[in-house]
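S.K.: Here it is, the structure in full.
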Amino acid sequence: MSGVLGLSGHLNNQEAIKSKKKNQVSETKTNSSSQNKSDQKMPKMTLEQKVGQLFMTGMPANNYDQATFDAIEKYQVGSIILTGRSNLSIPEMKVITDKLQGLAPANRRLLISCDQEGGNVQVLQGAGFSEMPNGLTQGSWAPEKLQEEAKNWGSELSAAGINFDLAPVADQVLSADFAPQNAPIGYWSRQYAYDKANIVSHADAFSKGMKSAGVLTTAKHFPGLGAVTGNTDISAGVRDSQTNPKSESVQIFKELISSGVPSIMTATAIYDQIDPELPGAFSPKMVDGLLRNQLGFDGLVITDDLSNAVQVQAWSPGQRAVLALSAGNDLVLANEPTQIPEMISEVLQKAKSDQGFAEKINQASSRVMKVKEQMKLVE
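Just so we're aligned: the sequence shown equals residues 1 to 379 in UniProt numbering.
This is the structure:
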């Protein structure tokens with residue numbers, strides 16, 4: 001998410017390569033045998049089960065929510081984000097995450113996530129969780145130090161039953177002078193630096209530190225939110241007139257892909273030089289075209305929030321989900337669990353009537369389950 005709703009982020013409302021063919025050939029050479037082995041281990045799923053795996057929905061980080069329970073049990077949603085702020089201790093949080101995992105099938109355990117970046121965007125703040133500094137402070141450290149600190153932070157998350165941190169922030173804010181006007185990132189000092197090299201090295205260090213603690217990460221917010229003034233969580237019509245496929249902000253993600261980043265989050269701003277018609281997360285030109293084909297990313301792609309974000313309210317919840325999956329995203333992030341029934345209903349209807357879309361569902365569910373298999377969430 002933009003990251004700060006008021007403090008945007010995935011916080012609740014109160015708180016604020018060169019061609020597709022070449023990429024496919026390369027992918028087949030390197031991944032076919034391991035993919036086949038992975039597929040053999042994965043449980044056979046119905047269409048409804050596959051679709052459920054493509055959604056991440058929210059629950060307050062300090063309490064239970066029946067709507068979230070229903071999303072898991074009735075709609076087979078496969079991923080959860082803990083929202084808001086929590087002062088619960090690590091053991092207390094583990095009770096909550098164990099309860100959530102107990103609602104999911106043993107062969108399709110949950111990805112449980114939160115926004116644990118540091119600074120103003122740190123959901124879990126109770127006993128046992130370190131106070132994490134903001135991005136600029138983390139960026140002033142040597143990458144080796146950040147990697148070690150991220151390993152420690154990841155160990156805290158893992159002990160609490162959190163296996164997915166929606167970080168690091170890989171956005172490139174235009175300049176220090178522009179930062180106060182950059183509502184989603186620079187205003188809150190969420191960025192690591194202003195230059196490409198330091199953003200890449202620190203985002204990579206954060207991701208690798210978390211990985212060593214068994215926690216998945218996602219680089220956000222592709223192709224960058226560092227050139228906008230509006231915040232997509234609280235404003236509509238947020239546009240970026242500067243970012244293009246060759247921009248440094250895009251090259252940051254390209255380098256992180258080369259370093260092995262496992263997941264990337266797509267932004268909902270409109271990028272005039274990429275696709276002036278649709279928010280980025282809804283754009284096949286941006287997701288399938290730029291991220292998948294031009295940059296060669298075949299990992300997990302998750303959207304920014306598509307439930308409460310003001311930027312996407314012109315579309316119904318169901319339309320948002322269908323557009324996001326059609327564009328090439330794998331996980332639809334919807335903080336608001338009451339929107340899940342409509343979203344899943346429309347995705348199922350579309351998949352049953354459109355073979356091309358049904359194949360998108362198959363591809364996305366395979367990516368999600370591959371990640372879960374790697375994280376030992378599939379039995």
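C-beta atoms are modelled at their ideal positions from N, C-alpha and C, and glycine is treated no differently.
Between Glu336, Leu323, Ile340, which has its C-alpha nearest lysine 360's C-alpha?
M.R.: Per the Cα distances, Leu323.
S.K.: For glutamine 185 versus isoleucine 252, is the C-beta spacing smaller than 8 angstroms?
M.R.: Residue identity check: residue 185 is isoleucine in the sequence provided, not glutamine. Not closer than 8 angstroms, so no.
S.K.: Would DSSP call threonine 229 helix, strand or coil?
M.R.: In this structure, threonine 229 counts as coil in the three-state DSSP scheme.
S.K.: Between Leu291, Asn107, Val332, Asp354, which lies nearest to isoleucine 344 when the distance is taken from Cα to Cα?
M.R.: Nearest of Leu291, Asn107, Val332, Asp354 to isoleucine 344, Cα basis: Val332.
S.K.: Taking only three categories from DSSP, how would you classify residue 382?
M.R.: Only positions 1 to 379 of the chain appear in this structure, which leaves residue 382 out of reach.
S.K.: Counting C-beta neighbours from all protein chains within 10 Å, is the total for alanine 71 16 or more, i.e. buried, or is it exposed?
M.R.: Buried, because 16 or more other Cβ atoms sit within 10 Å of the Cβ of alanine 71.
S.K.: Might you give, ordered along the chain, the residues of its own chain that have their beta carbon closer than 6 angstroms to the beta carbon of glutamine 49, omitting 5 neighbours on each side?
M.R.: Taken in chain order, the residues that qualify are Gln76.
S.K.: Would the stretch 106-115 count as touching the stretch 131-148 if we require 3 or more Cβ pairs under 8 angstroms?
M.R.: Judged by Cβ distances under 8 angstroms, the stretch 106-115 makes no contact with the stretch 131-148, as fewer than three pairs qualify.
S.K.: Classify alanine 170 as helix, strand or coil using the three-state DSSP reduction.
M.R.: DSSP places alanine 170 in coil when its eight states are reduced to three.
S.K.: On the DSSP letters alone, give me the boundaries of the alpha helix (DSSP H) that alanine 219 sits inside.
M.R.: Run containing alanine 219: none in the alpha helix (DSSP H); it sits in the beta strand (DSSP E), 219-222.
S.K.: Identify whether glutamine 53 lies in helix, strand or coil by the three-state DSSP scheme.
M.R.: If DSSP states are grouped into helix, strand and coil, glutamine 53 belongs with coil.
S.K.: When the distance is taken between beta carbons, is valine 301 closer than 8 angstroms to glycine 328?
M.R.: Yes, they are a contact pair.
S.K.: Helix, strand or coil: how does DSSP classify proline 180 here?
M.R.: Helix.
S.K.: Give me the residue from Ser366, Ser263, Val238, Asn293 with the minimum Cα distance to alanine 183.
M.R.: Closest by alpha carbon: Val238.
S.K.: Since methionine 369 is in the alpha helix (DSSP H), which residue starts that stretch and which ends it?
M.R.: Start and end: 355-374.
S.K.: Glutamate 117 by DSSP, collapsed to three states: which one?
M.R.: Reduced to three states, the DSSP call for glutamate 117 is strand.
S.K.: Could you round the C-beta distance between glutamate 342 and proline 317 to whole angstroms and report it? I think they count as a contact, below 8 angstroms.
M.R.: About 5 angstroms separates the two Cβ atoms, so the contact holds.
S.K.: Flag this pair as touching only if the stretch 253-271 and the stretch 214-223 have three or more C-beta atom pairs under 8 angstroms; answer yes or no.
M.R.: The stretch 253-271 vs the stretch 214-223: in contact.
S.K.: Which of helix, strand or coil does DSSP assign to glutamate 27?
M.R.: Because the pLDDT of glutamate 27 is 36, which lies under 50, any placement of that residue in the model is unreliable, and the question is left without a value.
S.K.: Can you check whether the CB of aspartate 171 is closer than 8 angstroms to the CB of histidine 221?
M.R.: For histidine 221 and aspartate 171, yes; Cβs fall inside 8 angstroms.
S.K.: Should the stretch 173-181 be regarded as contacting the stretch 112-128, the criterion being three or more beta carbon pairs within less than 8 angstroms?
M.R.: Cβ pair count under 8 angstroms is below three, so no.
S.K.: Evaluate contact between the stretch 360-369 and the stretch 87-106, counting only Cβ atoms and requiring at least three cross-stretch pairs below 8 angstroms.
M.R.: No: fewer than three Cβ pairs fall under 8 angstroms.
S.K.: Are the stretch 146-159 and the stretch 127-135 in contact at 8 angstroms, needing three or more beta carbon pairs?
M.R.: Flag = yes, the stretch 146-159 and the stretch 127-135 touch.
S.K.: Figure out for me which residue from Asp272, Gly226, Ile80, Lys74 has the closest Cα to the Cα of methionine 56.
M.R.: If we check each option's Cα against that of methionine 56, Ile80 comes out closest.
S.K.: Under 7 angstroms Cβ to Cβ from isoleucine 255, same chain only, skipping five residues before and after it: list those, please.
M.R.: According to the sequence provided, residue 255 is glutamate. The question's isoleucine does not apply to it. Result list for glutamate 255: Val200, in chain order.
S.K.: Start and end of the beta strand (DSSP E) containing proline 279?
M.R.: Its beta strand (DSSP E) spans residues 275-279.
S.K.: Per DSSP, what kind of secondary structure is proline 59 in: helix, strand or coil?
M.R.: Proline is not the amino acid found at residue 59; the sequence shown has methionine there. Three-state result, methionine 59: strand.
S.K.: Would you list the one or two residues that DSSP bridges to aspartate 240?
M.R.: Answer by DSSP bridge pairing, in chain order: Tyr271.
S.K.: Which residues share a DSSP beta bridge with alanine 334?
M.R.: Paired residues: Thr57.
S.K.: What's the C-alpha gap between aspartate 298 and serine 326?
M.R.: Going from the Cα of aspartate 298 to the Cα of serine 326 covers about 16 angstroms.
S.K.: Can you give me the C-alpha to C-alpha distance between serine 38 and leucine 54, rounded to a whole angstrom?
M.R.: In this predicted model, serine 38 has a pLDDT of only 46, less than 50, meaning its place in the structure is not dependable enough to derive any value.
S.K.: In whole angstroms, what separates the C-alpha of glutamine 355 from that of proline 60?
M.R.: Cα to Cα, the separation comes out at about 37 angstroms.
S.K.: Going straight from the alpha carbon of serine 89 to that of lysine 208, what length do you get?
M.R.: Taking the straight line joining both Cα atoms gives about 25 angstroms.
S.K.: Take the Cβ of glutamine 147 as the centre, count every other Cβ of all protein chains shown within 10 Å, and call the residue buried at 16 or more, exposed below.
M.R.: Classification of glutamine 147: buried, given that the 10 Å Cβ count is 16 or more.
S.K.: Quick check: what's the CA-CA separation for serine 241 versus glutamate 117?
M.R.: About 27 angstroms.
S.K.: In chain order, what are the residue ranges of uninterrupted alpha helix (DSSP H) at least 4 long that sit wholly in the stretch 97-144?
M.R.: Here the runs fully enclosed are 135-140.
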